[in-house]
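Q: The following block contains the structure, expressed as structure tokens.
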Amino acid sequence: MATVTYDEATRVYPGADVASVDKLNIDIQDGEFLVLVGPSGSGKSTALRMLAGLEEVNEGRILIGDRDVTNLSPKDRDVAMVFQNYALYPHMTVADNMGFALKIAGVPKSEIRSRVVEAAKILDLEPFLDRKPKALSGGQRQRVAMGRAIVRSPQVFLMDEPLSNLDAKLRVQTRTQIASLQRRLGVTTVYVTHDQVEAMTMGDRVAVLKDGLLQQLDTPRRMYDHPNNVFVAGFIGSPAMNLLEVPVTEGGVKLGSIVHPVKRDPLAKTGDKVIVGIRPEDLTPASEGGIPVEVDVVEELGADAYVYGRTDVGGESDKQIVARVDGRQVPDKGQTIHFVPKGEGDHLHLFDPESGERLGD
Amino acid sequence: MALDITTARPWPALLDLPWRLPLEDWPEERLAALPRGISRHVVRFVRLEGRVIAIKEIKADIARREYNMLRMLRRLGQPVVEPVGVVAGRLTKDGEPLDACLLTRHLQFSLPYRAMLSQNLRPDTAARLIDALAVLLVRLHLVGFWWGDVSLSNTLFKRSAGEFAAYLVDAETGELHDKLTNGQREHDLDIARVNIAGEMMDLQAGGFVGEDIDPIAISDRIIQRYNVLWQELTAVERFDADQRWRVDERIRVLNSLGFDVGELDITTDFDGTTIQIQPKVVDAGHHSRRLLRLTGLDVEDNQARRLLNDLDAFRAAHERQNDDEEQVAHDWLMQVYEPITRSAPPEMRRKMEPAELFHEVLEHRWYMSEKAQRDFTIEEAVQDYIDTVLPDKPDDSAVVGVDTDAIPVRANR
Ligand SMILES: Nc1ncnc2c1ncn2[C@@H]1O[C@H](COP(=O)(O)OP(=O)(O)OP(=O)(O)O)[C@@H](O)[C@H]1O
Ligand SMILES: Nc1ncnc2c1ncn2[C@@H]1O[C@H](COP(=O)(O)OP(=O)(O)OP(=O)(O)O)[C@@H](O)[C@H]1O
Ligand SMILES: [Mg+2]
Ligand SMILES: [Mg+2]
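In order, the protein sequence lines correspond to chains A and B.
Number 310 in the working numbering belongs to position 310 of the first sequence; there are no gaps in the numbering.
Number 1325 in the working numbering belongs to position 325 of the second sequence; there are no gaps in the numbering.
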């Protein structure tokens, strides 16, 4: 088990004029589950492969524990890529399916057995060790494959979209399993996904990448409550945060017909406009004034409902807005209702329209 | 959602297949019972207007990706199965969505390793399969393809005059790069080693191969063979300026390995006393290209090597070294090759490719001569081969009875 350090790590692909991973700095704690998330092409796979030794590091360093592994070959790094390629062998027992790779590595038989049994206990597979894979359920088969990586007891697990070829149901199931398994094993894990829900539910901390640049590195809670810039604000959360560019006025920001109070400090740093971010659950219907929204669709979820509609507030016409409302009092399609932010400016995120950076706390 | 079929080959008969049924439930009479390797997805073969198509049920985005990857690899001249299309938007009769299907053309006369190994009694069969896979892997790496799931199951094998030729069948995990890093190549090799050992251990556990074979030694072979070949094909060589013959020598070695040199980098140091060479572009198929040019026959490289040797022998025997090469080749084709390959009864020709049959007959003649300590004519050899050997040959176009079930990993429905 070990820490992992990206120290100004940079990858420029041959022929490319921009870096795919640009001066990346991340300190991953021993035993931490770190998720790299970002849109397609943001560099998350590249960052993972640099750690695995599959992609050259052009500048900077990568450390595992105190060891500089920047120039080591993949097999000398003591990391395991999980799930990328596994097959279950029909004639071999579950125990042999889990342990055979150790045999290749020359581990003595008795030790293989004890490591396999130990892994099987953690994976709830102990009763099935002498069965053949055919006699297992889909989820159990999936766990046998995990077992193959666990018995190697590497310093770091690496996973790149390991769930992408599973069907939706097994995907959710396996997601939970991987997360709880990792906590029980306590092995440092770096996990890549483009799915922010997956990132937020699995990670101890989440690193958001865009265009090869680290946007924010935080716990899921902090990331949600305190996005550092407009990109992270819009990327994290489902449905996404509402982002509106509105005028700054004396004492606050102008939201349609009302002025919503906002502390003066943050606004001092911007011009006459500011980007306001409000999560769907932080909007509430108001009897008079606020952001007028023409309702397009109402998605009922039982206790709550999401209202999807359009507004003219924020300069653009027909700007999309999402708000969460009480499921017992849903508006009709076509109706126009007004929303205001909850609280006294404390449920509001402010961003500079030029730089996109967060203003204030 | 309507059925969405992407295909480079507009075969209307595709529309008649029972797309509304899960592949597992397709009626027996639609299917061709041919052997398959181990797989996580359900794979079936169907007959379609005289061809056999392999169908794999897999998520739509992955199917499309694999389809495009196979197309790119074929465009790069790599030995991979031919992609036929993707069928997406499938629904059951009750409107439940079904996974998409990737369609590839069944590679004729090819066999998965399990079938090869369980019907072949020669002790070195496993080693020769690995050798073929090493050649395939080197070729793929040379064009920048990282496979990600190198295994015997993901490879198809064809006989090639005493050796095997390997084809890639599963490109699901693959990635195409401009050039692979050493780390990427090593990773593929590491995956290959673990998978091959697992596959051999599995065959042992199932009693398909004897306890005398050593799965680990066999899996180590992929690394050795790969490294030797990679070195031959890519290494920089330095020598004194007066040893220019070494340039020709290098090319000759590459040719004998079955590669043509498309581009060779030759540099001298500043005072011109040493020369440095490195192959930059190498193309597999040295022998098959030459044979194709001379005779129009399109066969595996090792088969071509064998046929070219026989052609050379023909030329010497008829003292026609000074005749036009193409004319001699034409006569050889008419007088030797065609009569032999046509002499087998049709139901037997179905068992084996013509070039392979030709190779077998030549081998057989040598074997007869050795036993009887005298020469035999080619006609005698053909007849004896047809009478004594061919009937017992396994039918490569349809070996069944080998365990080839899929082990799907998915939620229970
Ligand atoms: N081998 C390569 N050669 C050149 N450029 C590459 C290579 N691999 C990736 N890139 C480029 O580097 C950038 C980052 O790619 P990367 O695969 O790391 O992104 P990603 O965030 O994992 O995306 P995805 O979610 O699509 O997998 C992209 O612009 C991509 O086009
Ligand atoms: N075009 C083809 N010609 C001959 N055999 C084929 C063809 N396509 C598939 N097969 C057979 O079906 C088997 C399974 O196919 P494939 O490897 O593509 O499935 P998979 O589920 O993706 O496998 P994996 O578990 O390795 O991901 C192969 O091992 C091969 O024997
Ligand atoms: Mg990726
Ligand atoms: Mg496969």
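By construction, the Cβ of each residue, glycine as well, lies at the ideal position given by its N, Cα and C atoms.
Using beta carbons (cut-off 8 Å, strictly below), is Ile1130 (chain B) in contact with chain A?
A: With 8 Å as the cut-off, Ile1130 (chain B) does not count as an interface residue toward chain A.
Q: Do Ile236 (chain A) and Met202 (chain A) have their beta-carbon atoms positioned less than 8 Å apart in this structure?
A: Contact flag unset, no.
Q: Looking at the structure shown, is Lys94 (chain A) part of a helix, part of a strand, or coil, going by DSSP?
A: Residue identity differs from the one stated: residue 94 (chain A) is Val in this sequence, not Lys. In the structure shown, Val94 (chain A) sits in a helix (DSSP, three-state: H, G or I).
Q: Mind checking which residues open and close the alpha helix (DSSP H) that includes Asp1131 (chain B)?
A: Segment 1125-1142, the alpha helix (DSSP H) holding Asp1131 (chain B).
Q: Between A:Ser137, A:Gly277, A:Thr188, which has its C-alpha nearest Asp361 (chain A)'s C-alpha?
A: That would be A:Gly277, whose Cα lies nearest to the Cα of Asp361 (chain A).
Q: Who sits around ligand 4, taking every residue whose Cβ is closer than 5 Å to one of its heavy atoms?
A: Working through the chain, the matches are B:Ser1039, B:Asn1154, B:Asp1170.
Q: Run down chain E in chain order and give the residues with a C-beta less than 7 Å from the C-beta of His1187 (chain B).
A: Protein chains A and B are contained in the structure displayed, whereas chain E is not.
Q: State buried or exposed for Arg1244 (chain B), treating a residue as buried only when at least 16 other CB atoms are found within 10 Å of its CB.
A: Classification of Arg1244 (chain B): exposed, given that the 10 Å Cβ count is below 16.
Q: In its own chain, which residues sit with a C-beta less than 7 Å from the C-beta of Arg1250 (chain B), not counting the 5 before and 5 after it?
A: For Arg1250 (chain B), where only same-chain residues beyond five positions count, the Cβ hits under 7 Å are Glu1237, Ile1277.
Q: Closest to Val1389 (chain B) by C-alpha separation, out of B:Ala1235, B:Leu1292, B:Arg1365, would be which residue?
A: Selected option, being the one with the closest Cα: B:Arg1365.
Q: Does any C-beta atom of chain A lie closer than 8 Å to the C-beta of Ala1205 (chain B)?
A: Taking Cβ atoms only, chain A reaches closer than 8 Å to Ala1205 (chain B), which makes this a yes.
Q: Closer than 7 Å to a non-hydrogen atom of ligand 1 - does that hold for the CB of Ala1013 (chain B)?
A: Not so, every heavy atom of ligand 1 lies at least 7 Å from the Cβ.
Q: Where Leu348 (chain A) and Pro341 (chain A) are concerned, what is the direct C-alpha to C-alpha distance, given to the nearest angstrom?
A: One C-alpha to the other measures close to 7 Å.
Q: For Pro1112 (chain B), which three-state DSSP category applies?
A: In the structure shown, Pro1112 (chain B) sits in coil (DSSP, three-state: anything other than H, G, I, E or B).
Q: Going along the segment 1167-1199 of chain B in order, which residues come within less than 9 Å of chain A, judged by CB to CB distance?
A: Cβ contacts with chain A come from Glu1172, Thr1173, His1177, Asp1178, Lys1179, Thr1181, Asn1182, Gly1183, Gln1184, Glu1186, His1187, Asp1190, Ile1191, Arg1193, Val1194, Asn1195, Ala1197, Gly1198, Glu1199.
Q: Using a cut-off of 8 Å between C-beta atoms, extract the partners of Ser1153 (chain B) located in chain A.
A: By Cβ distance, chain A contributes Ala87.
Q: With respect to 7 Å, is the separation between the Cβ of Gly1183 (chain B) and the closest non-hydrogen atom of ligand 1 below this value?
A: No - ligand 1 has no heavy atom lying nearer than 7 Å to the Cβ of Gly1183 (chain B).
Q: Are the C-beta of Asp1202 (chain B) and some C-beta of chain A separated by less than 8 Å?
A: Taking Cβ atoms only, chain A reaches closer than 8 Å to Asp1202 (chain B), which makes this a yes.
Q: Can you list, in chain order, the residues of the segment 1059-1085 of chain B whose Cβ is nearer than 7 Å to any Cβ on chain A?
A: Correct list: Lys1059, Ile1062.
Q: Whether or not the segment 1295-1312 of chain B and the segment 1158-1173 of chain B are in contact is what I'm after, with contact meaning three or more pairs of Cβ atoms, one per stretch, closer than 8 Å; do they touch?
A: Contact between the segment 1158-1173 of chain B and the segment 1295-1312 of chain B is present, because at least three Cβ pairs lie under 8 Å.
Q: Does the beta carbon of Phe100 (chain A) come closer than 8 Å to any beta carbon on chain B?
A: So yes, Phe100 (chain A) belongs to the interface.
Q: Given the structure, does Lys1158 (chain B) come close to ligand 2, in the sense that its CB is under 7 Å from one of the ligand's heavy atoms?
A: Every heavy atom of ligand 2 is 7 Å or more from the Cβ of Lys1158 (chain B), so no.
Q: Using a beta-carbon distance cut-off of less than 8 Å, what residues from the segment 1217-1231 of chain B approach chain A?
A: Result list: Ser1219.
Q: Just by C-beta distance, which residues in the segment 8-42 of chain A are closer than 9 Å to chain B?
A: For the segment 8-42 of chain A, which is checked against every Cβ of chain B, the residues closer than 9 Å are Tyr13, Pro14, Gly15.
Q: If distances are taken between C-alpha atoms only, which option among B:Thr1092, B:Ala1134, B:Arg1044, B:Thr1181 comes closest to Leu1003 (chain B)?
A: Nearest option by C-alpha distance: B:Thr1092.
Q: Check the Cβ-Cβ distances between His91 (chain A) and every residue of chain B, and say whether any is below 8 Å.
A: Cβ-Cβ to chain B under 8 Å: yes for His91 (chain A).
Q: From what residue to what residue does the alpha helix (DSSP H) around Ser1256 (chain B) run?
A: Where Ser1256 (chain B) is concerned, the enclosing alpha helix (DSSP H) stretches over 1245-1256.
Q: Is DSSP giving Pro1018 (chain B) helix, strand or coil here?
A: In the structure shown, Pro1018 (chain B) sits in coil (DSSP, three-state: anything other than H, G, I, E or B).
Q: Would you check if the segment 187-197 of chain A and the segment 153-165 of chain A touch, i.e. whether three or more CB-CB distances between them fall below 8 Å?
A: These segments touch.
Q: What does Asn165 (chain A) reach in chain B if we use C-beta pairs closer than 7 Å?
A: Ordered by position in chain B, the residues that pass the 7 Å Cβ test against Asn165 (chain A) are Lys1059, Ile1062.
Q: Check the Cβ of Ile337 (chain A) against every Cβ in chain B and list those closer than 7 Å, keeping chain order.
A: Those do not exist, as Ile337 (chain A) stays about 34 Å from chain B at its closest Cβ, beyond 7 Å.
Q: Let me make sure I understand the geometry here. Which of A:Leu350, A:Asn97, A:Pro331 has the alpha-carbon closest to that of Pro247 (chain A)?
A: Minimum Cα distance to Pro247 (chain A) is reached at A:Leu350.
Q: Does the segment 1124-1134 of chain B touch the segment 1315-1329 of chain B, meaning 3 or more C-beta pairs lie closer than 8 Å?
A: Flag = no, the segment 1315-1329 of chain B and the segment 1124-1134 of chain B do not touch.
Q: Between Ile1277 (chain B) and chain A, is any beta-carbon pair separated by less than 8 Å?
A: Not closer than 8 Å to any Cβ of chain A, the Cβ of Ile1277 (chain B) fails to qualify, so no.
Q: For a cutoff of 8 Å on Cβ pairs, would you count Ile1005 (chain B) as touching chain A?
A: For Ile1005 (chain B), the answer is no, since every Cβ of chain A falls outside 8 Å of its Cβ.
Q: Tell me, please, which residues DSSP counts as bridged to Ser305 (chain A).
A: The question names Ser, but residue 305 (chain A) in the sequence shown is Ala. Paired residue(s): A:Glu300, A:Val325.
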